[in-house]
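Below you'll find the structure, written out as structure tokens, and then a few comments.
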Amino acid sequence: MNNNQISQAQKNLAPVSRQAAAEGIVLLKNSDAVLPFRSQDTVSLFGRCQINTYRSGTGSGGAVNVPYAISALEGLRANGKIRLNEDLVTTYQDWIADHPFDDGGGGWAAEPWFQEEMPLSDEQVAKAAAQSNKAVVFIGRTAGEDQDNADEAGSYRLTEKELDMIAKVNRHFSDVIVVMNVTNIMDMAWLNTVENNGSIKAVLYSWAAGMEGGHGLADVLSGDQSPSGRLTDSIAYHLADYPSSANFGRTDRNIYAEDIYVGYRYFETFNPEVVQFEFGAGLSYTEFQCELVTYKIEGAGADSVIHFDIKVTNLGKEFAGKEVVQLYVEAPQGELGKPSRVLAGFTKTQVIQPGANEQVRVSVPVASLASYDDSGVTGHRSCYVLEAGTYQFCLGASVRHAQTIAATLDLEALLVIEALSEACAPIHEFERIKPAQKNDNGVFQVSYEAAPQRTVNLAERIQANMPRSLEMTGNQGITLMDVKEGKANLEAFIAQMAPEQLATIVRGEGMCSPKVTPGTAAAFGGVSDSLFEMGIPVAAAADGPSGIRMDSGHKATQVPIGTLLGCTWNESLNEELFYLIGEELRANQIDTLLGPGINIHRHPLNGRNFEYFSEDPFMTGVMAAAQTRGLSNAGVSGTIKHYAANDQETARVDVDSIMSERALREVHIKPFEMAVKQGQATTIMTSYNPVNGHWAASNYDLNTTILRGEWGYTGIVMTDWWAKMNDPVQAGEESKTFTSFMVRAQNDLYMVVGNDGAESNAMGDDTLAALENGTLTIGELQRSAMNICRFIMAAPVMGRPLKAYEPIKTFVALDEAPKEHVRLIDQHIVLNTKTNASVVVEVSESGVYQFDGVMKYERDSLAQSSCSLFLNSEFSMTLALHGTDGELITVEGLQVKLNPGFYTLDIDFVKPGLELEKIIMTKQ
8 MNNNQISQAQ KNLAPVSRQA AAEGIVLLKN SDAVLPFRSQ DTVSLFGRCQ
58 INTYRSGTGS GGAVNVPYAI SALEGLRANG KIRLNEDLVT TYQDWIADHP
108 FDDGGGGWAA EPWFQEEMPL SDEQVAKAAA QSNKAVVFIG RTAGEDQDNA
158 DEAGSYRLTE KELDMIAKVN RHFSDVIVVM NVTNIMDMAW LNTVENNGSI
208 KAVLYSWAAG MEGGHGLADV LSGDQSPSGR LTDSIAYHLA DYPSSANFGR
258 TDRNIYAEDI YVGYRYFETF NPEVVQFEFG AGLSYTEFQC ELVTYKIEGA
308 GADSVIHFDI KVTNLGKEFA GKEVVQLYVE APQGELGKPS RVLAGFTKTQ
358 VIQPGANEQV RVSVPVASLA SYDDSGVTGH RSCYVLEAGT YQFCLGASVR
408 HAQTIAATLD LEALLVIEAL SEACAPIHEF ERIKPAQKND NGVFQVSYEA
458 APQRTVNLAE RIQANMPRSL EMTGNQGITL MDVKEGKANL EAFIAQMAPE
508 QLATIVRGEG MCSPKVTPGT AAAFGGVSDS LFEMGIPVAA AADGPSGIRM
558 DSGHKATQVP IGTLLGCTWN ESLNEELFYL IGEELRANQI DTLLGPGINI
608 HRHPLNGRNF EYFSEDPFMT GVMAAAQTRG LSNAGVSGTI KHYAANDQET
658 ARVDVDSIMS ERALREVHIK PFEMAVKQGQ ATTIMTSYNP VNGHWAASNY
708 DLNTTILRGE WGYTGIVMTD WWAKMNDPVQ AGEESKTFTS FMVRAQNDLY
758 MVVGNDGAES NAMGDDTLAA LENGTLTIGE LQRSAMNICR FIMAAPVMGR
808 PLKAYEPIKT FVALDEAPKE HVRLIDQHIV LNTKTNASVV VEVSESGVYQ
858 FDGVMKYERD SLAQSSCSLF LNSEFSMTLA LHGTDGELIT VEGLQVKLNP
908 GFYTLDIDFV KPGLELEKII MTKQ
């Protein structure tokens, strides 16, 4: 790794991450222009998240070791324009010193959703009111992997202490601003019921904004930037009003009865009055006017594009700002039924000065307006169609407030956009929502229809598309570089591989493989000597969507969460941000980032929503394509995940996502399609869950019929870590060892087996056994090997010198013993610790020593933890562990060469949770 390049990449990232943090803030209320703060204001801050500011969610998507993090308090202080009530700040600092942040022990998904608030007395608040004229109340929440939110106080709802804090502040202040430092949308109905709620003049979502979040918040509150974020979710008054609530959280079958009517598509069609803050809502410090200048249709039929030229004017006199231009379409109901409105296009202006204007263009491909007919009701089954009628366009500030404009698409007859084939249809019968007639107030009534079931024969489909098997030639001296340089073709290269090599290359190793950048999630490619000797380097993959996670303790930039980045509605800013993340990846010698996460916000309680962008598939797809394009332009890749329908964390490895083919195509995989076709995506991660009976990692229709056959995807597909698979045809029993089913489905890469476990088949998978019994062909394995090698040839690792993995590293001894108690190298170092420790070891004899850890972790196998070992302050290895259900196991570390002398051994619990009983050091 090049430390200078890393430092420069982080330096370049910081200001763009700060800009994104500011642009993703959504101002939902601003009565009496209480914001921004003025020079005469003095502000009191309430709530501990002014200091303990959440910067991300939990789990793999948030666990970034940062060089620094700017809290809300630090950002406001640094701004220089905002006068704070420092007495109250001191009160909070003193209380937090005695009531530190509760990380739940620091283990995997152990952090509680909320932090206990400091109890407030009326006297304290009255004193603050005497010292200041405005109050900011911070509400904080987190959630994440393995930890859905809950419909209870301290999660989706406010706690009694939080409500009491707000009520008391309202009682003594007439100008109160509520800042939601949260990872998900949460219940906001209390705004209408809390005591003296008229005092709450402003409400904004600042989300979790990464390590520059405090600066971004201050930029908006001070007026340095006018807020320009807009909601990418609908906030309803009651959780039960979300149509997915009836099935969300089940552990067996999650039935998508809402079908395509997710979020605003449901609310605006069937139930608009239950929405408190609608999709697309958000305020500015100034006022804008959007006018359609002209529109025109270029091209004909399915290939035509509608261009809208829109003039945006800043009508204000004081504040410059950016405006989000939102364009919606009202499609005819036809035979299929449609949402009353759907987002068709959007863009964001540059900063427009008061009184000035900017003309922008929003282009809408006519094909993007099509609906998928999975029943044949239009006469065109398995086709994307535009039904006859008038498609009316609307322009405005949100889905609710967009006004019809003089722009329509009129079709006299149905237009077939794309003829496809049935794929991934359900095998479980259920009924789905469909609009019936409108009632008196123009809202559709809900009706139901049976979801069409699978009719195709998967066995015949797979057999008809079986790849040919290349005749195995043995080693012909062709290297992968020869293929890259055009001296040989890829088929000739792959034909050299024996079955054992093919079975090895479809296994990734990790976590924290020593063959790649320390602390990263996986190593893949040339993970055995025989593969490496063919010139296949070892590529590195690292979590995650909010920045590079390295469990070794190495530092990286943490950027805002996916939801905030969606709320910027700024495609170019997302592309720029992820281009710079790509530069940081390259500096750290990492080839693919395990992100962005692009699942749909189907329900507000999904703990992992923070990694994802929106309830809308088009918005999600635009942002996904922007981020993957940015990474690609930096020469790395973004592994879009989780394909598909990973919409809850509860029972995430078992719950069957049961949905219609239409819902799958139009909503849940549409963002993946856009990222592949518009975002240069070359890596995809499948989800843990089954989709319509088939686990995603072995779902043939998802991974081959649709992804590769219809979309033309030529990249790699990898499993989520320690995923399960079942039969692509018969479904049935699932297992982590059924890699033959994975390969048949054309999920190329199993993630992960233990370090050095790929060649030895440490997990005991069935790949070679399936070859022997004829349930897998050599051609299928060769196909996945080609996909993997094609990716590696385009990855940064191929441009680095081909360097063999050196398992033994030499460390230099200290001449004199430190004052601490000295242990002998051949003694077991008994620690029984969950926290950082340091010991001094004396080596009397030169040699190579094996380090192993005896460890346990009171969690299940999907939980992850690690500790890193440093010898004389130099990183030596990471001992990674996933949950052992409390059983002690020996984790094999690395071998190091030590000369006589003294060594300070530091144990750093980078990712807490595990208990390290002892370290065993054995001379080899």
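Every number in the numbering used here is 7 more than the matching position in the sequence shown, counting from 1.
Ideal placement from N, C-alpha and C gives every residue a C-beta, glycine not left out.
Bear in mind the structure is a predicted one, so any value in this text is a computation, not a measurement.
- [ ] May I ask you to report which of helix, strand or coil DSSP gives residue 390?
- [x] Residue 390 sits at position 383 when you count from the first residue of the sequence shown. Note: residue 390 maps to strand in three-state DSSP.
TODO: Return yes when the Cβ of residue 276 is within less than 8 angstroms of the Cβ of residue 296, no when it is not.
DONE: Indexing the sequence shown from 1 puts residue 296 at position 289. Indexing the sequence shown from 1 puts residue 276 at position 269. In this structure, residue 276 does not lie closer than 8 angstroms to residue 296 by Cβ.
Task: Three-state secondary structure assigned by DSSP to residue 507 - done: As a working mapping, residue 507 is identified with position 500 in the sequence shown. If DSSP states are grouped into helix, strand and coil, residue 507 belongs with the helices.
Task: Residue environment, residue 682, which counts as buried when at least 16 other CB atoms sit within 10 Å - done: Here residue 682 corresponds to residue number 675 of the sequence shown, with the count starting at 1. Counting of Cβ neighbours within 10 angstroms places residue 682 among the buried residues, the total reaching 16 or more.
Task: Pick from 694, 686, 699, 753 that is closest to residue 5, judged by C-alpha positions - done: The structure shown does not extend to residue 5, since the chain is modelled only from 8 to 931, so the question has no answer here.
- [ ] Between the Cα of residue 350 and those of 576, 11, 918, spot the shortest distance and give me the residue it belongs to.
- [x] Counting from one through the sequence shown, the residue named residue 350 turns up at place 343. Cα-wise, what sits closest to residue 350 is 576.
Task: Residues near residue 436 by beta carbon distance below 8 angstroms, same chain, minus five either side - done: Locating residue 436 in the sequence shown gives position 429, counting from the first residue. Only 457, 458, 460 meet the Cβ criterion.
Open item on the list: Let me check one thing: in DSSP terms, what residues is residue 273 bridge-paired to?
Closed with: Position 266 of the sequence shown holds residue 273. Note: residue 273 sits in no beta bridge, so no partner.
- [ ] Check residue 621 in the structure and name its three-state DSSP category.
- [x] The residue labelled residue 621 in the question sits at position 614 within the sequence shown. Correct three-state label for residue 621: coil.
Open item on the list: Could you check whether residue 169 and residue 146 sit closer than 8 angstroms to each other, using their CB atoms as the reference points?
Closed with: As a first step, residue 146 is located in the sequence shown; it is residue number 139 there, counting from the start. As a first step, residue 169 is located in the sequence shown; it is residue number 162 there, counting from the start. Contact annotation: residue 146 and residue 169 have beta-carbon atoms nearer than 8 angstroms.
- [ ] Out of 902, 450, 177, point me to the one whose CA is closest to residue 347's CA.
- [x] Along the sequence shown, read from residue 1 onward, the residue named residue 347 stands at position 340. The option with the nearest alpha carbon to residue 347 is 450.
Open item on the list: Using a 10 Å radius around the Cβ and a threshold of 16 neighbouring Cβ atoms, would you call residue 675 buried or exposed?
Closed with: By one-based count along the sequence shown, residue 675 stands at place 668. Counting the other Cβ atoms within 10 Å of the Cβ of residue 675 gives 16 or more, which makes it buried.
- [ ] Compare the C-alpha of residue 266 against each of 259, 254, 258 and name the closest.
- [x] Taking the first residue of the sequence shown as position 1, residue 266 is located at position 259. Residue 266 has its Cα closest to that of 254, out of 259, 254, 258.
Open item on the list: Quick check: residue 932 and residue 569, are their CB atoms within less than 8 angstroms of each other?
Closed with: The chain is shown from 8 up to 931; residue 932 falls before or after that span and cannot be answered.
Open item on the list: Rounding to the nearest angstrom, what Cα-Cα distance links residue 99 and residue 59 in this structure?
Closed with: Here residue 99 is taken as the residue at index 92 of the sequence shown, counted from 1. Here residue 59 is taken as the residue at index 52 of the sequence shown, counted from 1. Each residue's alpha carbon lies about 11 angstroms from the other.
Open item on the list: Just to confirm, is the Cβ distance from residue 724 to residue 754 under 8 angstroms?
Closed with: As a first step, residue 724 is located in the sequence shown; it is residue number 717 there, counting from the start. As a first step, residue 754 is located in the sequence shown; it is residue number 747 there, counting from the start. For the 8 angstroms CB-CB criterion, residue 724 and residue 754 form a contact.
Task: Cβ-based neighbour list, residue 434, same chain, cut-off 8 angstroms, excluding 5 preceding and 5 following - done: As a position in the sequence shown, residue 434 is number 427, starting the count at 1. Cβ neighbours of residue 434 beyond the five flanking positions: 460, 461, 699, 700, 738.
Task: DSSP state of residue 150 mapped onto helix, strand, coil - done: Locating residue 150 in the sequence shown gives position 143, counting from the first residue. Residue 150 falls in the coil class under three-state DSSP.
Open item on the list: Taking the beta carbon of residue 473 as the centre, do at least 16 other beta carbons fall within 10 Å, making it buried, or is it exposed?
Closed with: As a position in the sequence shown, residue 473 is number 466, starting the count at 1. With a threshold of 16 other beta carbon atoms within 10 Å, residue 473 falls short and is exposed.
Open item on the list: Suppose contacts are defined by Cβ-Cβ distances below 8 angstroms. Is residue 876 in contact with residue 912 by that definition?
Closed with: Here residue 876 corresponds to residue number 869 of the sequence shown, with the count starting at 1. Here residue 912 corresponds to residue number 905 of the sequence shown, with the count starting at 1. A contact, by the Cβ cut-off of 8 angstroms.
TODO: Return yes when the Cβ of residue 285 is within less than 8 angstroms of the Cβ of residue 241, no when it is not.
DONE: Your numbering for residue 241 matches position 234 in the sequence shown. Your numbering for residue 285 matches position 278 in the sequence shown. Yes.
Task: Residues of its chain near residue 385, where Cβ-Cβ distance is below 8 angstroms and the 5 sequence neighbours each way are ignored - done: Translated into the one-based positions of the sequence shown, residue 385 becomes position 378. 341, 342, 343, 392, 394, 421, listed in sequence order.
TODO: Please classify residue 274: is it buried, with 16 or more other beta-carbons within 10 angstroms of its beta-carbon, or exposed?
DONE: Counting from one through the sequence shown, the residue named residue 274 turns up at place 267. By the neighbour-count rule (16 or more Cβ atoms within 10 Å), residue 274 is buried.
TODO: May I have a chain-ordered list of the beta strand (DSSP E) segments no shorter than 3 residues that lie completely inside the stretch 271–333?
DONE: Counting only runs of 3 or more, we get 282–284, 295–305, 312–321.
Open item on the list: Ignoring anything shorter than 3 residues, give me the beta strand (DSSP E) runs that lie fully in the stretch 602–667, in order along the chain.
Closed with: Runs found: 644–650, 663–665.
- [ ] Using alpha carbons as the reference points, say which of 745, 571, 719, 718 lies closest to residue 731.
- [x] Reading the sequence shown from its first residue, position 724 is the one you call residue 731. Per the Cα distances, 745.
Task: Identity of the residue in 465, 716, 770, 855 nearest residue 735 by Cα - done: Your numbering for residue 735 matches position 728 in the sequence shown. Relative to residue 735, the option among 465, 716, 770, 855 whose CA is nearest is 465.
Open item on the list: Cutting at 7 angstroms between CB atoms, please list the residues of its own chain near residue 708, excluding the five before and the five after it.
Closed with: For the purposes of this step, residue 708 is identified with residue 701 of the sequence shown, where counting begins at 1. Here the set comprises 430, 431.
TODO: With DSSP collapsed to three states, give me the class of residue 585.
DONE: As a position in the sequence shown, residue 585 is number 578, starting the count at 1. Under the three-state reduction of DSSP, residue 585 is assigned to helix.
TODO: Give the straight-line distance between the Cα atoms of residue 910 and residue 847, rounded to the nearest whole angstrom.
DONE: Position 903 of the sequence shown, counted from the first residue, corresponds to residue 910. Position 840 of the sequence shown, counted from the first residue, corresponds to residue 847. Spanning the two alpha carbons is a distance of roughly 6 angstroms.
Open item on the list: For residue 932 and residue 649, which I take to be in contact (beta-carbon distance under 8 angstroms), what is that distance rounded to the nearest angstrom?
Closed with: The chain is shown only over 8 to 931; residue 932 falls outside these bounds and no answer can be derived.
- [ ] Determine the extent of the beta strand (DSSP E) in which residue 910 is found, giving its start and end residues.
- [x] What you label residue 910 is simply residue 903 of the sequence shown in a count that begins at 1. According to the DSSP assignment, residue 910 belongs to the beta strand (DSSP E) that extends over 908–918.
Task: Residues of its chain near residue 584, where Cβ-Cβ distance is below 8 angstroms and the 5 sequence neighbours each way are ignored - done: In the sequence shown, counting from the first residue as 1, residue 584 sits at position 577. Take residue 584, set aside five residues on each side of it, and the residues of its chain with a beta-carbon closer than 8 angstroms to its own are 20, 23, 24, 27, 566, 572, 634, 637, in chain order.
Open item on the list: Can you tell me whether residue 837 is buried or exposed? The criterion is at least 16 other CB atoms within 10 Å of its CB, across all chains shown.
Closed with: Here residue 837 corresponds to residue number 830 of the sequence shown, with the count starting at 1. Exposed: under 16 other Cβ atoms inside 10 Å.
Task: Close beta carbons around residue 282, own chain, < 6 angstroms, minus the five adjacent residues each side - done: Along the sequence shown, one-based indexing puts residue 282 at 275. Apart from sequence neighbours up to five positions away, the residues of its chain that approach residue 282 with a beta-carbon distance below 6 angstroms are 241, 243, 274, ordered along the chain.
Open item on the list: Looking at the strands, I want to know which residues DSSP matches up with residue 385.
Closed with: Reading the sequence shown from its first residue, position 378 is the one you call residue 385. DSSP lists no partner for residue 385.
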